[in-house]
Amino acid sequence: KLVSHFRNGNFSGQENENYLCASFDPSSELFDSKKYWRGPVWINLNWIIYRGLKKYGFVQEADTIKKDTLFFMDKYGFYEYFEPSKVANEELDKGYGGKNFSWSAALTIDLLTNTA
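The opening position of the sequence shown corresponds to residue 154 in the working numbering, with each subsequent residue numbered one higher.
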């Protein structure tokens, strides 16, 4: 069921305008990209989803999440969470929450080195 949400644009938007994976439905009126668990992208959530997708053979979807996650790390560094909107990211120069967050660094290393 989760994979169908990726494929039908629930998280990435109908025009692929969002990075995966927002922590809340971006089309909801309750969505808030800066509020904890109401919309931002979290590397720890992405890491769990990535691992599950890989385990069950959804390689393309897993690779998209990995690519989007590494985009944030490359552009902003190890912040706590990130803006999912691709348009808004063009104007930003940092992520949200704490900087040099240890789980962001640790999970980035895992994404880059763990091929299982």
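Positions of the beta carbon are idealized from the N, C-alpha and C atoms, including for glycine. Treat the numbers as computed from the prediction; the structure is a model and nothing was measured.
- Boundaries of the alpha helix (DSSP H) around W256: 255-266.
- Segment contact: the segment 252-260 against the segment 204-213, fewer than three CB-CB distances shorter than 8 Å; contact not assigned.
- Counting of Cβ neighbours within 10 angstroms places L245 among the exposed residues, the total staying below 16.
- Take F159, set aside five residues on each side of it, and the residues of its chain with a beta-carbon closer than 6 Å to its own are E214, in chain order.
- For F235, the secondary structure class from DSSP, reduced to helix, strand or coil, is strand.
- Look at Y189 here: in three-state DSSP terms it is coil, with no helix or strand label.
- For N197, the enclosing alpha helix (DSSP H) stretches over residues 196-208.
- Around F254, the same chain offers F231, Y232, E233 as residues with beta carbons nearer than 7 Å, after the five sequence neighbours per side are excluded.
- In the displayed model, N171 falls within a strand according to three-state DSSP.
- Residue pairing of Y249 in beta bridges, as defined by DSSP: Y234.
- Residue range 212-229 is occupied by the alpha helix (DSSP H) that includes E214.
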